[in-house]
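Trainee: Got a structure here, written out as structure tokens. Questions coming.
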Amino acid sequence: MPDRRGGRRSAILGAALALLALPPAARAETLLRARLNADILSTNPGVRRDENTDMVLQHVVEGLVAYREDTSVGPLLAERWETSPDGRTYTFHLRPGVSFHNGAPLTSAEVVWSLRRYLDPKTHWRCGRELSGGGYARVVGVEAVDTQTVRVVLDKPFAGFLATLARVDCGGTAILHPSSVGPDGAWRAPVGTGPFRIAGWKHNQYLDLVRFAGYRALPGPRDGHTGGKAARVDRLRFLVIPDPVAAEAALLRGDLDVLDNVTPIDARQLRKRRDLRLDVRAGFDVFAILFETRDPLLRDPRLRQAIALTLDVPGLTRAVTAGMGRPNRSVVPVSSPFHDAAQAQVPPPNLAEARRLAQAAGYRGQPITLITNHRYPAMFDGAVLVQAMAMQAGITIRLETLDWAAELDRYNTGRYQAMSFTYSARMDPSLGYDALTGDKAADPRKVWDDPQARALLARSRATADPAERQAAFDQLHALFLRDVPAIVVFNPPRIAAVAANVTGYQGWAAGPQRLWGVGLR
Amino acid sequence: MRRLSLSGWIGVALIGLLLATVLVSLAWTPFNPLAIDLDHTFAPPSARHWLGSDEFGRDVLSRAMAGARISVGIALATVAAAVSAGVVLGTAAGFLRGPVDRVLMTFNDALLAFPGMLLALGVIAVFGAGAGSMVGALAVAYLPSVVRVVRGAVLSIREREYIEASRVMGNSEAWSMWRHVAPNASPQIAVLAASLFGWVLLSESALSFLGVGVPAPAPSWGNMLASARPYLDTAAWLAIAPGACIVATLLGANLLSDALRDRFDPRGAP
Amino acid sequence: MSGLLRIEGLRLEAEAAGRPALLDDFSLALDPGEFVALVGESGSGKTLAARTILGLLPPGVRRTAGQVLFEGRDVTNLAPGPLRALRGGAIGMVFQEPMASLNPAMTIGAQLDEGLRLHTALPAAARRAAAIEMLARVRITDPARRLASYPHEFSGGMRQRIMLASVMLLKPRLLIADEPTTALDTLAQREALDVMAELAAAANTAVILITHNLGLVARYARRAVVLEKGRTVEAGETAQVLAAPKDPYTRRLVASLPRRGPARGVPSAPALLTVRDLRVAYRRRDQPGLFPALDGVSLTVAAGELVAVVGGSGSGKTTLGRAVLGLVKEAGGEVRFEGLDPLALTGADRRAFRRATQLVFQDPYASLDPRMRVGEIVAEPLRNCPELSAAEKARRVEAVLADVGLEALGGRFPHQMSGGQRQRVAIARAVVTRPRFVVADEPVSALDATIQAQVLTLFQTLQAQYGFACLFITHDLGVVAQIADRVIVMRDGRIVEEGARDAVLDHPQDPYTRELLAATPSLAVPSQRTEP
Amino acid sequence: MSARPGVVGYVAKRVAGALPTLLIVAVLVFGLIRMIPGDPAQVMLGDAGDPQAVAALRTEMGLDRPLPLQFAAWLGHALRGDLGVSIATGEPVLPLILQRFQVTASIVVSAIALATLIAVVGGLLAAWRHRRGLDQAVVGVATLAMAVPSFWLGLMLLLVFGVKLQWLPVVGYVPLTEHLGAGLAYLVLPVATLVIVESGVLIRMMRTSALDVLRLEYVTHARAKGLSEARVLLRHVLPNAFAPTLTLVGLALGHLLGGAAVIETVFTLPGLGRLVVDSILARDYPVVQGCLLFAALAYVLVNLAVDLCYPLLDPRVTVEG
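What follows is the structure, given as structure tokens:
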């Protein structure tokens, strides 16, 4: 979009965002403005939450462990930990010198209180089920060993325990000061240990965080959600701007400093601007065409292979993501450390072979309905291109555009032939495969109901040894390409646009915007 | 019969052009409107692509032609459905009067009080996007207005003296309805149908613009416009062509309905 | 010559080419205080001639020759400003349709005030006083209070007098009255014109009365100008023009006035229709309770007899006509046609009753289905005659069309015919089933004089030919005189007088009948006019 | 004009008479939205929500109770003015609607008012100059305006005035109450779009009825009184010719107040129409139900207001009739 002149319009947008109603900030105060596409649901981490809530609260509260940049789990409030030989007992040693926003030091008492609160069903913690009877393992005990040591006991070994604690949608299992809740247990406000604390929340307009002077960052460089989390600005403001176009306009006028989640289409325009910098990462989301393998027509893997063979995967990726996405045929995202050479191969289209396979499968031009939606342009455009590419090999695909909720309903009930879909980011390839793989009869969401795949998936989960896991993923990938229960096409890019005077912004493939370590010139 | 005015001729010409385009598009379009060409995206209008190409390299002219087919088909089917149902219900209300009328009209008023666009949106959400549910949704959205007009026409014609004359002759109400009310209401209904064609076309494109219209990849003018929106400043031709098609068609429909109004009035234009 | 108005050689043409001139070589001279009538039927150009004086020609009409001098000034070339000063101030105009000549959205006070404020410098209080005084002079009771009323709260006659008041308030030197009373009943017409003549005389205002009613000309105008199709065919002293018309058209016009024929010796026949104590009440919006339209009416009509029902607007005569045909469901009392109650009939009896009775409406345009051809319209009642074959029906239709003088016009639509022809179609439709009883509701009052005479004659002929009995509803005693055997006079829903035609017309018993008779214009020129 | 004694009673009667209409609307809304597949629990949990989690959330939201019970509870609260809280955001629905309604209303009301003004002036002038150049020009422009889809016109205006000329902001919204000048700048394009789109039909209606009135004798009478053409048009033609246009104005206003979803989408305005569309997509039942009920009520009230205006234009019409 062309340059815009003048401060008048900036003033206008300032008013638009209701800034004029605020008390003027002190002259020396630095203010960084970022966008929320919807207001956060609550300040209660891991309980009443959505992605926005998770993202904002990552700046306010911290857990014992968290994800590192490479999606492995690293220490945060826990300095280190030991696992018992039977894999059931975890002993966490707290990092000394950490204090809560209210000045109280972090001790094992708060950790025990926090974990027990989460495990209480009345709390409705998002990940309560995972760590109770219904999940992988049950927490049978949480106790303080001394003021700096906490012990957690599981009923059976669970390799994913730490990863679960680190999960962003679990609120990072944040350690809170008990004054976060009232005497009746009702939620008040988070008293955490993060670099920022909440200073003001005007519903549907903005949310203000201010620097927590007493913050003690985990030493070291910025690393995922773990290290180098120091605040570099005095005040961090999240403006609620639902409309993406309005948000983009705000950025162009200088009323926003950071705009995360830019669509590739918009990024095409923003790329030309000299007062902006784009931060593009190959994300952990997975775009795929899902098949219902019990469908009378699509149950034959040769037809599914045929469709896969019609796809010009790089071309499709380029068109849908404006050249910013990474073609990828593997369930393992390109940014994952497990994405090795075996995963990286992208077979070229082969229309003749596709025709032959379809023919062999007894396909005679019957229409295949591909469900898509208008909410997410990438899913829609991807479906349109898949339709057009399959047409070239004589395979008739009919698009059915539903709204997102209706498509999700079909996804959850398995009522479709084919579906254009994007899996949200899953840090661990096991979780990625887990989203796809399983017993269709028990869980209709699963697209890949194959005993061999399930065995391999179990193997990848049971061990913590990277080499062993890598082998399992490579085998899974080979099997996946042969069976084609779904066609993974690309990992959508994670694009942020930041103003030129913003320093230290670093996007992260695995997560939304992180505004610690970000300053203003 | 009166001769058509200049504007009437323009209306006939525009609608004629539209129908001709529809017929041609059944047999031939410059390119396959669905065929992508990822190496030639965003081509400005040229000798190869007269109206340019879109974000996937599809030919805009071919898509506009195919869009005419879809838009016109949906509009015609909707008008037929809304008018035939509306005539039955409106006549029943105006003819039977009394409780039937009251119940029908209360229900009708409720539908009228419903924003038509949102009603259509709801119906489409229930039945899924598709030509069929689009026709159903728009027919339901416009039905209340048709019922209103037809009922109004029936009630007003009922009060004319020639209906009383028919009564004096001993004719039954049904005969009066059939022989006097229906022919005298039919011009109004024809004019209504012509305007309705325009409105439906407009609503169809608006719904497609909102993203709940004709299912992709089939082009309709509305969804062409919707997908052109992000490229407004770099590829304006993508928005101009389908918009111009809608304007020309609506103009044609409106002028035609004006001409019909003049022509059907046996007393001639005022 | 100190003439007030001189029109010389005026020619008006339609803008569309190829049409004959609407008005050709029209000249007229008028002295102050003089009363002239402009006589002619629709399309004669009389209204256009008058409107030229005020520069109020409708769009599409152009003056192509002649001039109009008002007090020596040519008004056809005036600039808008001076022309507006002339309008209303020096020249006033009263229009035909009292329902449409007052703005329904303004109080009459505001409308009276508009002209005064524009043309005089009077203060508001004085204007109000003048308006009240003028309303009183046009016989509006309680004028001060009624200034705040809206036009729809007055009757047609009152509205026309209010129009007069608003025009005469400014004491114009010339008053143009364009068919001011055509839509009024006889009594209201008399009252309005009397008031007009009185006010004009008092203010020494010259009057141009445009009318097609020769009776009015005879009563009010000193001079008359007769127009036919844009040409002046005769002009002169009223008495002379009417008593000894020279032009054939004037002669025809004079001859078309209804005149009393010899009383028919109607043989005493059995009663076809008997009505006893008929009552009909309506709920009216502006009044609480029920408004009685018919209040205990009893009458009989014998076979073959023509009974005229006379009365002013609102006398209930139209309701009576509808009620005896069983078209008013809310009727109380007793109606018997050949001994049967029309409202109680069903099935074949009902169809037989419908065949035996017919109705002719006042407005032939509204009563004919515009989308049917004349032949279909006339054939439609024969649906109830199953004993006739299709060929017989066709023959019957043809014969009836011939009877009404419309041979060969069966293929036309109503809008392709003149008003007189349309009324003939309506009459043909009424008689095609050979009914024994016809209700004719003011069938000629919407027609021009010469056409009216023709249609009346036709109606008489057909009645003689087919022998149906008839209830003939009219407000025109002249028409009654021409055709009725018996007369019923109605007022406010009751019968005030009833009797044989000559008895009622010559020896009226009821004061209302006498008033009606006095108000009915005749060609007898009043003596005070002949000797000014 | 002073209020007539029957007006209050009439309004009460009309509002009461609209209750069945509103009830039918409520039932329709409730039934329709529940027929749409998918529910808010699924939307909130996305692809990560397993069936048990969805079911648990549904229970928490009260969506697993029988529909008639849910409807009765909702209706009971609605009658007391409580439209519930948004499932997605937990905000109370009524304040949310009112906040969004301010946006829609400020645009729609100013656009319709302007369009009416244009229609009155244009229609009167065209009728006054019947079949002359001015008339033909006005009719031509009005017919063209009727043929332009609002969303396309909006896009084209954005392209010209926002993107190319950069005179006006492209997206966003400032409430007028917060900053008058800035607020106006954001209103210009959406209002202009609506004015153009809505004025076409109004101009033509005004012209037609003005032509009818101009043929009547009292207009000739007014001229014969010597009144100026301006006064004839304004005092005698306008009041008597305005009623049919007013009816159309009422219909347009009634429908647009319920949400101008399309125009709000084009100009990214946080209005009521967008709220409904977004809520339908998110299956935010309380918001959808509240909005549509509100829209129907707005429609009924606007039309009632129009009915109450008729007696001001034409004293022959009484409100009791």
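Residue numbers (the working numbering), protein chains in the order written: chain A, 1 to 521; chain B, 1001 to 1270; chain C, 2001 to 2532; chain D, 3001 to 3321. Even glycine gets a Cβ: it sits at the ideal position worked out from N, Cα and C. Note that the coordinates shown come from a computational prediction; the quantities given were computed from them, not determined experimentally.
At a CB-CB cut-off below 9 Å, which residues of chain D make contact with R1148 of chain B?
Mentor: As a position in the second sequence, residue 1148 of chain B is number 148, starting the count at 1. Here the premise fails: no neighbours, minimum Cβ distance about 11 Å.
Trainee: Taking all protein chains shown into account, decide if Q470 of chain A is buried (16 or more other Cβ within 10 angstroms of its Cβ) or exposed.
Mentor: Reading the first sequence from its first residue, position 470 is the one you call residue 470 of chain A. By the neighbour-count definition (other C-beta atoms within 10 Å, threshold 16), Q470 of chain A is a buried residue.
Trainee: Looking at chain A, is there any beta carbon in it that lies within less than 7 Å of the beta carbon of D3284 of chain D?
Mentor: Within the fourth sequence, numbered from 1, the residue matching residue 3284 of chain D stands at position 284. By this cut-off, D3284 of chain D is not an interface position.
Trainee: In chain order, what residues of the same chain have a beta carbon less than 6 Å from the beta carbon of A1235 of chain B, not counting five sequence neighbours either side?
Mentor: Here residue 1235 of chain B corresponds to residue number 235 of the second sequence, with the count starting at 1. Answer for A1235 of chain B: F1042, listed in chain order.
Trainee: Cβ of R2355 of chain C less than 7 Å from any chain D Cβ?
Mentor: Residue numbering aside, residue 2355 of chain C sits at position 355 when the third sequence is read from its first letter. Chain D, which has no Cβ nearer than 7 Å to the Cβ of R2355 of chain C, makes this no.
Trainee: Within the continuous beta strand (DSSP E) that includes R116 of chain A, where are the two ends?
Mentor: Within the first sequence, the letter at position 116 stands for residue 116 of chain A. Run containing R116 of chain A: none in the beta strand (DSSP E); it sits in the alpha helix (DSSP H), 108-119.
Trainee: Would you tell me roughly how many angstroms separate the C-alpha atoms of L3144 of chain D and L270 of chain A, rounded to the nearest one?
Mentor: Within the fourth sequence, the letter at position 144 stands for residue 3144 of chain D. Within the first sequence, the letter at position 270 stands for residue 270 of chain A. Roughly 37 Å between the two C-alpha positions.
Trainee: Would you kindly check if the distance between the Cβ of P2292 of chain C and the Cβ of A2281 of chain C is under 7 Å?
Mentor: As a first step, residue 2281 of chain C is located in the third sequence; it is residue number 281 there, counting from the start. As a first step, residue 2292 of chain C is located in the third sequence; it is residue number 292 there, counting from the start. A contact, by the Cβ cut-off of 7 Å.
Trainee: Tell me the residue span of the beta strand (DSSP E) that contains W516 of chain A.
Mentor: One-based indexing of the first sequence puts residue 516 of chain A at position 516. Run containing W516 of chain A: none; DSSP gives neither H nor E here.
Trainee: At the level of alpha carbons, what is the spacing between Q3136 of chain D and V3108 of chain D?
Mentor: Taking the first residue of the fourth sequence as 1, we reach residue 3136 of chain D at position 136. Taking the first residue of the fourth sequence as 1, we reach residue 3108 of chain D at position 108. In a straight line, the C-alpha of Q3136 of chain D is about 28 Å away from that of V3108 of chain D.
Trainee: In terms of residue numbering, what span does the alpha helix (DSSP H) encompassing N1108 of chain B cover?
Mentor: Here residue 1108 of chain B corresponds to residue number 108 of the second sequence, with the count starting at 1. Its alpha helix (DSSP H) spans residues 1098-1113.
Trainee: With a Cβ-Cβ cutoff of 7 Å, do S1964 of chain C and E2008 of chain C count as a contact?
Mentor: The requested residue 1964 of chain C is not part of the displayed model; chain C covers only 2001 to 2532.
Trainee: Within the 7 Å Cβ cut-off, does H1180 of chain B reach chain C?
Mentor: Numbered from 1 along the second sequence, position 180 holds the residue referred to as residue 1180 of chain B. H1180 of chain B counts as touching chain C.
Trainee: So that I know if they touch, is there some Cβ in chain A lying closer than 7 Å to that of P1230 of chain B?
Mentor: The sequence position of residue 1230 of chain B within the second sequence is 230, counting from 1. Judged by the 7 Å Cβ criterion, P1230 of chain B is in contact with chain A.
Trainee: Using a beta-carbon distance below 7 Å, is M1105 of chain B in contact with chain D?
Mentor: For this step, residue 1105 of chain B is matched to residue 105 along the second sequence. Judged by the 7 Å Cβ criterion, M1105 of chain B is not in contact with chain D.
Trainee: Hey, is the stretch 391-409 of chain A in contact with the stretch 437-449 of chain A, meaning 3+ C-beta pairs nearer than 8 Å?
Mentor: no
Trainee: Between which two residues does the alpha helix (DSSP H) harbouring Y1162 of chain B extend?
Mentor: By one-based count along the second sequence, residue 1162 of chain B stands at place 162. Where Y1162 of chain B is concerned, the enclosing alpha helix (DSSP H) stretches over 1161-1168.
Trainee: Spatial neighbours of A21 of chain A within its chain, please: C-beta separation below 8 Å, excluding the five flanking residues on both sides.
Mentor: Here residue 21 of chain A is taken as the residue at index 21 of the first sequence, counted from 1. At A21 of chain A the pLDDT is 41, less than 50, meaning the model places this residue with poor confidence; the figure from the coordinates comes in the next sentence. Taken in chain order, the list of residues that qualify is empty.
Trainee: What residue from A:A166, A:V334, A:Y206, A:R216 has the CA that sits closest to R494 of chain A's CA?
Mentor: Working through the first sequence from its first residue, we reach residue 494 of chain A at position 494. Taking only the C-alpha atoms, the option nearest R494 of chain A is A:V334.
Trainee: How is S3279 of chain D classed by DSSP in three states: helix, strand or coil?
Mentor: In the fourth sequence, residue 3279 of chain D corresponds to position 279, counting from 1. Three-state result, S3279 of chain D: helix.
Trainee: With a threshold of 7 Å between beta carbons, is D1054 of chain B in contact with chain A?
Mentor: The residue labelled residue 1054 of chain B in the question sits at position 54 within the second sequence. So, not an interface residue.
Trainee: Quick one: what's L209 of chain A bridged to in DSSP?
Mentor: Here residue 209 of chain A corresponds to residue number 209 of the first sequence, with the count starting at 1. In DSSP, L209 of chain A forms a bridge with A:I198, A:L236.
Trainee: Can you tell me the Cα-Cα spacing of A1226 of chain B and S1220 of chain B, whole angstroms?
Mentor: Taking the second sequence and counting its residues from 1, the one referred to as residue 1226 of chain B is at position 226. Taking the second sequence and counting its residues from 1, the one referred to as residue 1220 of chain B is at position 220. Linking A1226 of chain B to S1220 of chain B through their CA atoms gives a straight-line distance of about 10 Å.
Trainee: Rounded to a whole number of angstroms, what is the C-alpha to C-alpha distance between A1193 of chain B and T3245 of chain D?
Mentor: Taking the second sequence and counting its residues from 1, the one referred to as residue 1193 of chain B is at position 193. Taking the fourth sequence and counting its residues from 1, the one referred to as residue 3245 of chain D is at position 245. Between A1193 of chain B and T3245 of chain D, the C-alpha separation is close to 22 Å.
Trainee: Anyone know if the C-beta pair for Q2096 of chain C and E2179 of chain C falls short of 7 Å?
Mentor: Within the third sequence, numbered from 1, the residue matching residue 2096 of chain C stands at position 96. Within the third sequence, numbered from 1, the residue matching residue 2179 of chain C stands at position 179. Yes, the Cβ-Cβ distance between Q2096 of chain C and E2179 of chain C is below 7 Å.
Trainee: Give me the chain E residues within the contact set of L1034 of chain B, using Cβ-Cβ distance strictly less than 8 Å, ordered along the chain.
Mentor: Included in the structure are the protein chains A, B, C and D, with no chain E among them.
Trainee: Should the stretch 1203-1222 of chain B be regarded as contacting the stretch 1089-1099 of chain B, the criterion being three or more beta carbon pairs within less than 8 Å?
Mentor: no
Trainee: Tell me which residue opens and which closes the alpha helix (DSSP H) that Y2466 of chain C is part of.
Mentor: Translated into the one-based positions of the third sequence, residue 2466 of chain C becomes position 466. From DSSP, the alpha helix (DSSP H) with Y2466 of chain C extends over 2449-2466.
Trainee: I want to verify the contact list: residues of chain D whose CB lies under 7 Å from the CB of V1247 of chain B, in sequence order.
Mentor: Here residue 1247 of chain B corresponds to residue number 247 of the second sequence, with the count starting at 1. Within chain D, the C-beta atoms nearer than 7 Å to that of V1247 of chain B come from A3147, V3148, in chain order.
Trainee: Is there contact here, the stretch 444-451 of chain A with the stretch 348-355 of chain A, by at least three beta-carbon pairs under 8 Å?
Mentor: no
Trainee: Go ahead and pull the three-state DSSP assignment for P3239 of chain D.
Mentor: In the fourth sequence, counting from the first residue as 1, residue 3239 of chain D sits at position 239. Of the three classes helix, strand and coil, the one that applies to P3239 of chain D here is helix, per DSSP.
Trainee: Please report the distance separating the alpha-carbon of S2298 of chain C from that of R1102 of chain B.
Mentor: Along the third sequence, read from residue 1 onward, the residue named residue 2298 of chain C stands at position 298. Along the second sequence, read from residue 1 onward, the residue named residue 1102 of chain B stands at position 102. The straight-line gap from Cα to Cα measures roughly 39 Å.
Trainee: Should the stretch 3287-3303 of chain D be regarded as contacting the stretch 3116-3130 of chain D, the criterion being three or more beta carbon pairs within less than 8 Å?
Mentor: By the criterion of at least three beta-carbon pairs nearer than 8 Å, the stretch 3287-3303 of chain D is not in contact with the stretch 3116-3130 of chain D.
Trainee: Return no unless some Cβ of chain A is closer than 7 Å to the Cβ of G1067 of chain B.
Mentor: To locate residue 1067 of chain B, count along the second sequence from 1; it is residue 67. Taking Cβ atoms only, chain A never reaches closer than 7 Å to G1067 of chain B, which makes this a no.
Trainee: With 16 other CB atoms within 10 Å as the buried threshold, where does R2486 of chain C fall?
Mentor: Along the third sequence, read from residue 1 onward, the residue named residue 2486 of chain C stands at position 486. Buried, by the Cβ-count rule.
Trainee: Please list, in chain order, all residues of the same chain as Q2111 of chain C whose beta carbon is under 7 Å from its beta carbon, the five residues on each side excluded.
Mentor: Here the question's residue 2111 of chain C lines up with position 111 in the third sequence. Within the same chain, Q2111 of chain C has close Cβ partners L2102, N2103, S2166.
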